[in-house]
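Okay, so here's the structure we're looking at.
Numbering (this note's numbering), first residue to last: 112 to 251.
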């Protein structure tokens, strides 16, 4: 997602903090969902970061509908960008979640055989999640 994190935060009505800006920036640059620990590891090393404050930043961004959260079988939550505050920016995709190691991979076209929202007459779709759970290549 392109866009200045501080402008996005202002647009959605969140106070601009370095924690929120950094978390948003890290997720903007990630090709896959990241968990809290992975985000902590990508934060600039020259500063100290509070784990709880980063959790709070993730929670705030998810509450404002900027992030999707995925729950792995290892009870770890992964986050990925969903919106820039105005538009959905994450291309519709599904996920493969390994039941053994918890690895999450994005898949581009899981839609074959799934009805389009136009076919769901009388139903107002707010979100769609397609998750395949099993064992990854490394765990088979």
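Backbone N, C-alpha and C fix where the C-beta goes; we use that ideal spot for every residue, glycine too.
- A Cβ-Cβ contact shorter than 9 Å links residue 144 with residue 179.
- A residue is called buried when at least 16 other Cβ atoms come within 10 angstroms of its Cβ; residue 248 does not meet this threshold and is exposed.
- Contact check between the stretch 146 to 157 and the stretch 181 to 190: three or more CB pairs, one atom from each, fall below 8 Å, which counts as touching.
- Taking 8 Å as the upper bound for CB-CB distance, residue 183 and residue 165 are not in contact here, some 18 Å apart.
- For residue 244, the secondary structure class from DSSP, reduced to helix, strand or coil, is strand.
- In the structure shown, residue 159 adopts coil according to DSSP, grouped into three states.
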